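This report concerns only the one structure given below.
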Amino acid sequence: MAANYVAYAGLGVACVIAAPLLAPSILGGIFGVSAAGPVAGGVFAGLQAAAPGGVIAAGAPLAVIQGIAMGAPLPAIGFVGAGAVGVVVARAAAVLVPRL
């Protein structure tokens, strides 16, 4: 049983390490933001067009997502979320495939 917790923690740590490398691609793919900015026809472009004057305020969640997709550092909450996702995925895999 203790070995399972080590595996959970290991995957959580791996996700925290991978988060800054994968976050720009993942968020860019989901929201339609590239290193050059919003992609025409993407989700982010639609949200930006719906904003008053087409302006996203600095520090707003969409601005943070755009910044990360364009190469800004991942905020601390991104690392916490990545670690949590890793632990949850490891636990779900252990439940679904009991031999892990």
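Just so you know, we're using my numbering here: the sequence shown kicks off at 2 and counts up by one.
Using N, Cα and C, we set each Cβ at its ideal position, and we do this for glycine too.
All values derive from a computational prediction rather than experimental measurement.
Exposed unless 16 or more other CB atoms sit within 10 angstroms - verdict on residue i
{"i": "L101", "result": "Note that L101 has pLDDT 49, beneath the 50 cutoff, so the model's placement of it is unreliable and no number is given."}
{"i": "A37", "result": "exposed"}
{"i": "P25", "result": "buried"}
Of the listed residues the options, nearest to residue i (C-alpha basis)
{"i": "I78", "options": "P62, M71 and A93", "result": "P62"}
{"i": "G33", "options": "A83, V65, A46 and P53", "result": "A46"}
{"i": "I18", "options": "V86, R92, G29 and A50", "result": "V86"}
Paired residues, beta bridge with residue i - DSSP
{"i": "G38", "result": "S35"}
* Are the stretch 65 to 81 and the stretch 35 to 53 touching, with three or more C-beta to C-beta distances below 8 Å? -> yes
* **alpha helix (DSSP H) runs wholly inside the stretch 46 to 90, at least 4 long, in chain order** => 62 to 70
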